[in-house]
Amino acid sequence: LFVNDESGNENITSFSLSVVDGAVPLVTLRKPDNGNVSGSSNVNLNCSATEDTNLTNITLYHNISGTFSLNETHNVTGVDNSSNFTLTGLSDGGYIWNCLAVDNQSNSDFADSNFSFSVDTTNPVVALRAPDDEDTVTTATPTFDFNVSDASSISSCSLLIDGVTNTTDPSITKNTNQR
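For the sequence shown, my numbering begins at 331 and goes up steadily by one.
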């Protein structure tokens, strides 16, 4: 700083100032959507981060091993970035995940909440209860009793006659005998 008065007196004082960035990165979990059910044992995850200083890395955490822990870190740059992570060979089940972003001031933060996804690679099972296989039916509109089971919710069940869809019911209750 420089100061002078009316008499011509002057003074110069110097000092140093460090500005510390205390802001944490803003992390957003992009894909898959929270609660997603995947029919594949391979799942692609994407998260993004923004920060007013430069980002240095984004790290994926999940509980696939049974413990919520670090999986993989991607080095990133800039004030806005995203990372894709691919998980392969997953067993059927439910999982949670989140991403941690770190900036060049060592400020870090996770997304506000964990996301979940499920893997379901097992085909649903449908059991025809009636009529019995090879029965002779004497009515033009026979009644079919069946039961559907699966780890996931059932989207629909279709009656196929000679390989052609005869009717589709989107309101199936799994593990219950239905007509």
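Glycine residues also receive a C-beta, built at the ideal position from the N, C-alpha and C atoms.
A straight-line Cα-Cα distance of about 18 Å links Ile491 and Asn477.
Here Val409 carries a coil assignment [DSSP, helix/strand/coil].
In this structure, the alpha-carbon of Ala457 lies about 25 Å from that of Ser448.
By the Cβ-count criterion, Glu340 is exposed, with fewer than 16 other Cβ atoms from all chains shown falling within 10 Å of its own Cβ. By the criterion of a C-beta distance shorter than 8 Å, Tyr391 is surrounded in its chain by Phe398, Ser399, Leu400, Asn401, Trp427, Asn428, Cys429, Leu430, Phe440, once the five residues flanking it on both sides are discounted. Taking each of Val373, Pro461, Thr473, Ser436 in turn and checking the Cα distance to Thr386, the smallest one comes out for Ser436. Beta bridge pairing from DSSP links Phe445 with Trp427. Residues of the same chain with a CB within less than 6 Å of the CB of Asn372, apart from the 5 flanking positions on each side, are Thr418 in chain order. Restricted to the region 380 to 405, the beta strand (DSSP E) segments that are unbroken, complete and at least 3 residues in length are 385 to 392, 399 to 405, listed in chain order.
Gly424 places its beta carbon less than 8 Å from that of Ser446.
In this structure, Asn374 lies near Asn414, with their beta-carbon atoms less than 8 Å apart.
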